[in-house]
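Undergrad: First the structure, which I've put down as C-alpha cells, then a few questions once you've had a look.
Residue numbers (UniProt numbering), protein chains in the order written: chain F, 1 to 412; chain G, 1 to 412.
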C-alpha cells in the first residue's frame with residue numbers, strides 16, 4: 001500500500017521515451033496480462049516506448065516559439081531580491097504585475113469572477129491545493145476532516161493529501177459514497193481530470209466546504225459558459241499556457257481569512273513563491289491576453305493563443321477518435337458541443353486527457369497498453385475500474401502521432 | 001497556543017517601516033513592559049518603526065547593482081516549458097546548469113564536499129527541511145519521530161514541523177534536554193541562527209539522524225575552516241548571494257535513497273521547483289564564482305562578492321558593537337577570529353543576525369525595543385529567555401544605520 005501510494009513513480013514521472021522506466025519494470029513484474037508476453041525494452045526509432053502517462057503540456061511550445069520575443073523575460077541580478085512583493089497585500093509574496101495579468105486574463109477569457117477576490121499565488125496549483133486543505137481544516141478538531149472527490153478523481157489527490165499523515169485532514173475517497181456526518185472538504189475538478197466531465201459538487205451536505213480546481217477551464221479544452229463564481233478556485237499556468245516548468249498557480253479566494261491562512265501555509269512551506277516565475281508568468285499571460293484581444297480586432301499579425309491551441313486540440317481529438325472508432329476495441333467519452341462565450345461560437349469539449357475504456361475482455365488496460373509500449377495511467381489510480389486509462393493529449397506532435405498510429409494497429 | 005505557533009506574524013513578515021504592523025499591535029496589547037507607555041505609532045522621518053525582526057537579505061542589492069548585466073537572466077517564452085529538467089537524475093527537476101554552478105561554487109569557496117553527493121533542489125531551504133523530515137521519518141512507525149535542535153534554534157522550526165500535525169514527525173524542542181530512546185532527527189544549524197555559534201550535534205545517541213543546515217556557512221559570515229562533509233547539508237541562495245525572492249535552496253545528500261525520497265516529497269508538494277529561478281540562481285552563482293576567481297588573480301576590475309560582503313558585514317558589526325559597548329545595557333556574543341581557507345587570512349565571525357542580550361532589569365527585551373520602535377524577534381521564539389532578541393544584520397544601509405543610531409540613544 002505504501003509503495004502504491006508513495007512509490008517513486010506515482011506521478012508517472014519516469015524516464016523518457018527510449019528508456020525502460022522504473023514504473024514499467026515494476027508493472028511488468030506484477031502484470032497478469034499480455035504485457036508479460038511482449039518484451040517492452042526500448043527499441044530504436046518508431047518502436048520506442050511512448051509515455052503518455054504524465055500530463056506534460058509541451059505541445060504549446062510551438063506557439064511560444066512563433067511568438068518570438070513577445071514572452072521573453074529579462075531579470076537583472078539586483079532586482080526582486082527581497083522575500084517581499086507587496087506587504088500591503090494579504091498575500092505579501094504576490095507580485096503586483098502577476099496579479100494584474102491574472103485579473104486581465106480572466107476578464108478577457110470570461111472564465112472566472114475576480115471582483116472581490118483575493119489572489120493567492122502558489123508554487124503550482126499543487127501547493128495551493130495543500131494550502132486550501134490547511135486553511136479549511138479545523139485546527140482543534142478531535143479527528144482530521146474528510147477530503148472527498150467524485151471518482152474518477154485526479155490520481156495525485158490521495159497521495160498529496162495523505163503523504164504526511166496529517167492530523168488536520170484525511171483522504172476519504174469517492175464523494176459519491178461519502179455519508180459521514182460533520183464537516184468535510186469536497187474537491188470539484190471541472191472540467192475533470194481524468195475524464196473531462198463538467199462537474200458540480202455531489203455530496204450536498206450542510207457542512208461541506210468546496211474547493212474548485214479549474215485548471216482546465218480554458219477555451220482550448222472546454223466551451224466557456226460563464227465566469228466561474230465559487231468560494232475557492234484554483235488555476236495554473238501549466239495547463240492554461242503550457243508553462244509547467246514555471247510552477248506557478250493561483251487561487252481566487254472569496255473569504256479574507258481563508259486567503260490569509262492559505263498565505264500562511266505557503267509561508268510555512270516555502271516562504272513565498274519564486275518572483276522570477278511570477279514575472280515570467282505575468283509576461284506570458286499578458287501575451288495570451290494581447291493575442292486574444294488582437295484576434296478580436298481581426299488583426300492577423302498575431303495568432304490568438306486560444307485559437308491556436310483549440311485547433312491543435314481539435315486535430316488531435318479527431319485523429320484519436322478515428323483510430324479508436326476504427327477498431328471498436330476501445331471507447332472514448334462523448335461530449336455535447338456548446339456555445340463558448342470566449343470564442344463566440346459553438347465549440348467542442350476536447351479535454352487535455354483522453355479517458356479511454358477497453359471494451360473487450362481485458363481487465364487491466366494500462367498493462368495491456370504497456371505491452372504495446374504505450375505508457376498510460378490506469379483507472380485504479382483514479383478510484384475506478386482498471387478497464388480505463390488516462391492518456392495525455394498534450395505531448396509533442398511526433399509522440400502523439402506515433403501513439404495514434406500504434407493504437408490503430410493493435411489487434412484484439 | 002495556536003495563535004502563537006500558527007499566527008499570521010510568526011515569521012515577522014509584517015508591514016514595512018512607517019506602518020504600524022499587526023504584530024506590533026498584538027504585542028502591545030499584551031505587553032507588560034515600557035512598550036505600553038511609549039506610543040509606537042509611526043512618525044514621519046527618522047522616528048519610524050525599524051523592522052529588523054525578519055532576515056530579508058537586501059543589503060547585497062548594492063553589489064548586484066554594480067555588477068550590471070553580469071547576473072542578468074533572459075528566458076524566451078518557449079524555453080523551459082516542461083516539468084522535467086533531467087530525467088536521468090534522481091532529482092528529475094534539477095536544472096543541469098544550476099547543478100553545475102552549485103558544484104563549482106562549493107569548489108571555489110571550499111565550504112562543502114560535493115563529490116559523491118546527490119543534489120536536490122528545493123523551493124528555498126525551507127522546503128528541503130520538510131523534504132528531509134519526510135525522507136528520514138520511518139513511515140510505518142507507531143508514533144512520530146522526534147525532531148530536536150539545540151536552543152536557541154531557528155524560530156521557524158517548531159511551526160514548520162508541526163503545522164500539519166504530521167503523524168510522521170514531531171517537534172520536541174531543545175536537543176540538550178532530549179533523552180528519549182529510539183530514533184530521532186537532530187537539526188544542526190552552523191553557524192547557528194540566531195546566535196552565530198559554530199555547532200555540532202549534541203545528543204549523541206545511536207539512533208540519531210543528523211540534518212545540517214549550513215545556510216550561513218559562507219565567508220562573509222564565518223571563517224571557512226574546511227569543506228563540510230555530512231550526510232545531509234542544506235544551503236540557500238537567500239543567505240549566500242542575497243536572492244531571497246528566488247526561493248532556491250539545495251541539499252547535498254550522501255545517501256541515494258534519501259535523495260530519492262526528498263525528491264518524492266517535492267514532487268508531492270509542488271511537482272518540482274521553478275526552472276526560471278534555477279536558471280537565475282545558476283547565473284548568480286556563476287557571477288559569484290567568477291568574481292572569486294578573478295579576485296584570486298588580483299584583477300581589480302571585478303570586485304569579489306565575498307570580499308565585498310565580508311567588508312560590509314565587518315563595518316556593520318563594528319558599528320553595532322560600538323553602540324552596544326557604549327551603553328553597557330546590552331551585550332553581544334564574542335567570537336574568536338580564525339583562519340579562513342577561502343579568504344586565505346584570519347577572519348572574524350560576523351553572523352547574519354545579532355543575538356543581543358539585555359543586561360539590565362528588563363524581562364522582555366523584544367517588547368522593550370518595540371517601545372523604541374525597533375522590531376526584533378524575542379528569545380522565546382528560539383526556545384530561550386526573553387532577555388534575548390535576534391536582530392537582522394542584512395537590512396538596507398539606511399535602516400541599519402538608523403537602528404544603530406537609535407540603539408545608542410536608549411537610556412536605561
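Every residue, glycine too, gets a C-beta built ideally from N, C-alpha and C.
(1) For residue 192 (chain F), count the other beta carbons within 10 Å of its own beta carbon; 16 or more makes it buried, fewer makes it exposed. Which is it?
(2) Can you tell which of F:209, F:108, F:370, F:179 has the C-alpha that lies nearest to the C-alpha of residue 294 (chain F)?
(3) Does chain G have any CB closer than 8 Å to the CB of residue 104 (chain F)?
(4) I believe residue 110 (chain G) touches residue 352 (chain G) by the beta-carbon criterion, under 8 Å. Please report the beta-carbon distance rounded to the nearest angstrom.
(5) Short of 8 Å in beta carbon distance, which residues of its chain neighbour residue 270 (chain F), apart from the five on each side in sequence? Order them along the chain.
(6) Can you have a look at residue 418 (chain G) and say buried or exposed, based on whether 16 or more other CB atoms are within 10 angstroms of its CB?
(7) Whole angstroms is fine: what's the gap from residue 177 (chain F)'s alpha carbon to residue 148 (chain F)'s?
(8) In terms of DSSP beta bridges, what is residue 330 (chain G) paired with?
(9) Any beta-carbon of chain G closer than 8 Å to the one on residue 117 (chain F)?
(10) CA-CA distance, residue 361 (chain F) and residue 412 (chain F)?
(11) Per the DSSP calculation, residue 186 (chain F) is bridged to which residue(s)?
(12) Along chain G, which residues have their Cβ under 8 Å away from the Cβ of residue 130 (chain F)?
(13) Using a beta-carbon distance below 8 Å, is residue 84 (chain F) in contact with chain G?
(14) Strictly under 8 Å for the Cβ-Cβ distance: is residue 358 (chain G) near chain F by that measure?
(15) Check whether the segment 330-348 of chain G and the segment 210-229 of chain G touch, using three or more Cβ-Cβ pairs below 8 Å as the test.
(16) Is there a C-beta anywhere in chain F that falls below 8 Å from the one on residue 164 (chain G)?
(17) In chain order, what are the residue ranges of uninterrupted alpha helix (DSSP H) at least 4 long that sit wholly in the segment 351-409 of chain G?
(18) Under a Cβ-count criterion, where at least 16 other Cβ atoms within 10 Å of its own Cβ denotes burial, should residue 118 (chain F) be classed as buried or exposed?
(19) By Cβ distance, which residues of its chain are closer than 6 Å to residue 144 (chain F), with the 5 residues on each side in sequence left out?
(20) Pop quiz: residue 153 (chain G) and residue 383 (chain G) are said to be a contact at Cβ under 8 Å. What is the actual Cβ separation, rounded to whole angstroms?
(21) Got a sec: which bits of the segment 150-182 of chain F sit with their beta carbon under 8 Å from any beta carbon on chain G, in order along the chain?
(22) Quick check on DSSP: helix, strand or coil for residue 243 (chain G)?
(23) In whole angstroms, give me the CA-to-CA distance for residue 310 (chain F) and residue 135 (chain G).
(24) Please report the distance separating the alpha-carbon of residue 390 (chain F) from that of residue 403 (chain F).
(25) Hey, would you say residue 236 (chain G) sits closer than 8 Å to residue 249 (chain G), going by beta carbons?
(26) List the endpoints of the continuous alpha helix (DSSP H) containing residue 169 (chain G).
(27) Using a Cβ-Cβ cut-off of 7 Å (strictly less than) and excluding sequence neighbours within five positions of residue 354 (chain G), which residues of its own chain qualify?
(28) Where do the ends of the beta strand (DSSP E) carrying residue 347 (chain G) lie?
(29) Does any residue of chain G have a CB that is nearer than 8 Å to the CB of residue 243 (chain F)?
(30) Tell me where the beta strand (DSSP E) around residue 258 (chain F) begins and ends.
(31) With 8 Å set as the bound, which would you pick, yes or no: does the beta-carbon of residue 65 (chain F) sit closer than that to a beta-carbon of chain G?
(32) Quick check on DSSP: helix, strand or coil for residue 67 (chain G)?
(33) Give me the subset of the segment 360-384 of chain F whose CB atoms are less than 9 Å from a CB atom of chain G, sorted by chain position.
(34) Is the Cβ of residue 56 (chain F) closer than 8 Å to any Cβ of chain G?
(35) Just verifying my parser: in three-state terms, what is the DSSP assignment at residue 161 (chain F)?
(36) Can you tell me where the alpha helix (DSSP H) holding residue 106 (chain F) begins and where it ends?
TA: Taking the definition as stated:
(1) Counting from one through the first chain, the residue named residue 192 (chain F) turns up at place 192. Classification for residue 192 (chain F): buried.
(2) Numbered from 1 along the first chain, position 294 holds the residue referred to as residue 294 (chain F). The candidate whose alpha carbon is nearest that of residue 294 (chain F) is F:108.
(3) As a first step, residue 104 (chain F) is located in the first chain; it is residue number 104 there, counting from the start. No, residue 104 (chain F) lies away from the interface with chain G (no Cβ there is under 8 Å from its Cβ).
(4) One-based indexing of the second chain puts residue 110 (chain G) at position 110. One-based indexing of the second chain puts residue 352 (chain G) at position 352. About 20 Å; that fails the 8 Å criterion.
(5) Residue numbering aside, residue 270 (chain F) sits at position 270 when the first chain is read from its first letter. The answer, listed in chain order, is 123, 127.
(6) Residue 418 (chain G) lies beyond the residue range present for chain G, which begins at 1 and ends at 412; the question has no answer from this structure.
(7) For this step, residue 177 (chain F) is matched to residue 177 along the first chain. For this step, residue 148 (chain F) is matched to residue 148 along the first chain. Rounded to whole angstroms, residue 177 (chain F) to residue 148 (chain F) spans 9 Å at the Cα level.
(8) In the second chain, residue 330 (chain G) corresponds to position 330, counting from 1. The partner list for residue 330 (chain G) (beta bridge, DSSP) reads G:358.
(9) As a first step, residue 117 (chain F) must be located in the first chain, where it is residue number 117. Judged by the 8 Å Cβ criterion, residue 117 (chain F) is not in contact with chain G.
(10) Taking the first residue of the first chain as 1, we reach residue 361 (chain F) at position 361. Taking the first residue of the first chain as 1, we reach residue 412 (chain F) at position 412. Spanning the two alpha carbons is a distance of roughly 9 Å.
(11) As a first step, residue 186 (chain F) is located in the first chain; it is residue number 186 there, counting from the start. Residue 186 (chain F) is bridged to F:148, F:210.
(12) In the first chain, residue 130 (chain F) corresponds to position 130, counting from 1. Those within 8 Å of residue 130 (chain F) in chain G are 269.
(13) Your numbering for residue 84 (chain F) matches position 84 in the first chain. Yes, because at least one Cβ of chain G sits closer than 8 Å to the Cβ of residue 84 (chain F).
(14) Position 358 of the second chain, counted from the first residue, corresponds to residue 358 (chain G). So no, residue 358 (chain G) is outside the interface.
(15) yes
(16) To locate residue 164 (chain G), count along the second chain from 1; it is residue 164. Yes, residue 164 (chain G) counts as interfacial toward chain F.
(17) 365-370, 397-407
(18) Taking the first residue of the first chain as position 1, residue 118 (chain F) is located at position 118. It counts as buried.
(19) Here residue 144 (chain F) refers to the residue found at position 144 when the first chain is read from its first residue. Taken in chain order, the residues that qualify are 167, 168, 169, 170.
(20) Numbered from its first residue, the second chain carries residue 153 (chain G) at position 153. Numbered from its first residue, the second chain carries residue 383 (chain G) at position 383. Indeed, because the Cβ distance is near 6 Å, the residues count as touching under 8 Å.
(21) 156, 159, 160, 163, 164, 165, 166, 167, 168
(22) To locate residue 243 (chain G), count along the second chain from 1; it is residue 243. Coil, per DSSP.
(23) Here residue 310 (chain F) refers to the residue found at position 310 when the first chain is read from its first residue. Here residue 135 (chain G) refers to the residue found at position 135 when the second chain is read from its first residue. Each residue's alpha carbon lies about 42 Å from the other.
(24) Here residue 390 (chain F) refers to the residue found at position 390 when the first chain is read from its first residue. Here residue 403 (chain F) refers to the residue found at position 403 when the first chain is read from its first residue. One C-alpha to the other measures close to 13 Å.
(25) Numbered from its first residue, the second chain carries residue 236 (chain G) at position 236. Numbered from its first residue, the second chain carries residue 249 (chain G) at position 249. Yes, the Cβ-Cβ distance between residue 236 (chain G) and residue 249 (chain G) is below 8 Å.
(26) Looking up residue 169 (chain G) in the second chain gives position 169. Counting along the chain, residue 169 (chain G) falls outside any alpha helix (DSSP H), though it belongs to the beta strand (DSSP E) covering 169-174.
(27) Counting from one through the second chain, the residue named residue 354 (chain G) turns up at place 354. Excluding residues within five positions, the ones whose Cβ falls inside 7 Å are 320, 332, 391, 393.
(28) Locating residue 347 (chain G) in the second chain gives position 347, counting from the first residue. 345-347 is the span of the beta strand (DSSP E), which, as asked, contains residue 347 (chain G).
(29) On the first chain, position 243 is the one that residue 243 (chain F) refers to. It does; some Cβ of chain G falls within 8 Å.
(30) Counted from its first residue, the first chain places residue 258 (chain F) at position 258. No beta strand (DSSP E) contains residue 258 (chain F), which is instead part of the alpha helix (DSSP H) from 256-270.
(31) Along the first chain, read from residue 1 onward, the residue named residue 65 (chain F) stands at position 65. Cβ-Cβ to chain G under 8 Å: yes for residue 65 (chain F).
(32) Walking along the second chain from the start, residue 67 (chain G) turns up at place 67. DSSP places residue 67 (chain G) in coil when its eight states are reduced to three.
(33) none
(34) Translated into positions along the first chain, residue 56 (chain F) becomes position 56. Yes, contact with chain G.
(35) Translated into the one-based positions of the first chain, residue 161 (chain F) becomes position 161. In the structure shown, residue 161 (chain F) sits in a helix (DSSP, three-state: H, G or I).
(36) Position 106 of the first chain, counted from the start, is the residue given in the question as residue 106 (chain F). Run containing residue 106 (chain F): 96-109, per the alpha helix (DSSP H) assignment.
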